[in-house]
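All remarks here apply to the structure that follows.
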Amino acid sequence: MKNKIPIIELKWDTRLLKKKIGRLCMLPNYVKKIDTILDVARSKGYLYLTCRIDPPEFSQVRSLESAGFYLTDVGVTLEIKKQDLYLGENLLKVPINTATIKDIPILKKIIKSLFLHSRFYHDPFFTKDDADKIYQAWIEDAIKGISADKVFWVKNKGFVVCKKSHLKIGEISLIGVANKFRGKGIGRALLASSLEWFYSQGLNKVRVRTQLININSLKFYLSAGFKLCSCDMVFGKIL
């Protein structure tokens, strides 16, 4: 246990925020050893740990809470197959283009403080600046092809990030519309473009994860034909 602990360093997060951050791999045989694991993690310089339980198991939840972990997010994953897609009539006709390197500055402005339902904006470990920095770096990496395969956007208004997973399933990593342009059909147009692209790549199944507390997001996907697929719980621990 002294030399090996079930923690993976999140190097991208650590490098970006200059704080050593790790993920606790919550396997059943480690449940009763959390306190020891935390002591070793502190000795290795970790300042924060996250743990995602998928699917949630109450015994693990209780063990995490007894060790001082707190709930930071409840995620819901939705899935759609090509034959289930329904975007309704009168889909907004708006120019949608592939985002390129030159679009990064504008998209970094759009994404700032856009995902306030995200755990990064209400977990006490992260400051608002940290959360903004995470999303700005995320969209930049996506456009550069580091963390995604395609980014579509409506200039100055919204974007969608698409990724092909190793399971041959399309993943919508992010989709966002600037506040003043919401409710005008831009999100649905972006969703349509992303799904069309996934299908053109031979991927007939697409998934997206959103927060349980984000009711508008859930309604948005369900109305387009997405179906509930799974759920997860994310916990955090400041060391």
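Once you know that position 233 of the sequence shown is 234 in the working numbering, the rest is easy, because the numbers rise by one and skip nothing.
A virtual CB, placed ideally from N, CA and C, is assigned to each residue, including glycine.
Per DSSP, what are the beta-bridge partners of glutamine 212 in this structure?
Gly76
Can you tell me whether threonine 99 is buried or exposed, with buried defined as 16 or more other CB within 10 angstroms of its CB?
So threonine 99 counts as exposed.
Tell me whether the beta-carbon of valine 75 lies closer than 8 Å to the beta-carbon of glutamine 212.
yes
Any contact of the segment 222 to 231 with the segment 71 to 86, i.e. 3+ C-beta pairs under 8 Å?
yes
Keeping to the same chain, check which residues put their C-beta closer than 7 Å to that of alanine 149; ignore five residues upstream and five downstream.
For alanine 149, where only same-chain residues beyond five positions count, the Cβ hits under 7 Å are Ala143, Val162, Cys163, Lys164 and Ser174.
Exposed unless 16 or more other CB atoms sit within 10 angstroms - verdict on leucine 117
Burial call: exposed.
Residue closest to alanine 179, alpha-carbon to alpha-carbon, out of Gly171, Gly188 and Gly237
Gly188
Considering Cα atoms alone, identify which of Phe59, Leu204 and Lys109 is closest to lysine 134.
Lys109
Suppose you measure from the CA of serine 67 to the CA of serine 60; what does that come to, to the nearest Å?
11 Å
Pick helix, strand or coil for lysine 109, following the three-state DSSP scheme.
helix
How many Å lie between lysine 5 and aspartate 124 at the Cα?
27 Å
Could you give the distance in angstroms between the alpha-carbon of threonine 73 and the alpha-carbon of glycine 184?
28 Å
In the structure shown, what three-state DSSP assignment does glutamate 10 receive?
The three-state reading of DSSP puts glutamate 10 in strand, counting E and B together.
Once you ignore the five residues that flank isoleucine 97 on each side, which residues in its own chain have a CB closer than 8 Å to its CB?
Phe153, Trp154, Val155, Ala190, Leu191 and Ser194
Along the alpha helix (DSSP H) that carries arginine 189, what are the first and last residues, could you check?
Element bounds for arginine 189: 187 to 201.
For the candidate residues Met234, Trp198 and Leu88, whose alpha-carbon lies nearest to that of glycine 186?
Leu88
Span of the beta strand (DSSP E), counted from its first residue to its last, around serine 231
228 to 239
To the nearest angstrom, how far is the alpha carbon of isoleucine 105 from that of lysine 145?
9 Å
Phenylalanine 236 vs tyrosine 122 beta-carbon contact at 8 Å:
no
Under DSSP, the beta strand (DSSP E) around serine 174 begins and ends at which residues?
Looking at the DSSP string, the run of the beta strand (DSSP E) that includes serine 174 is 171 to 178.
Contact under 8 Å by Cβ, leucine 240 with arginine 120:
Between leucine 240 and arginine 120, the CB-CB gap reaches or exceeds 8 Å.
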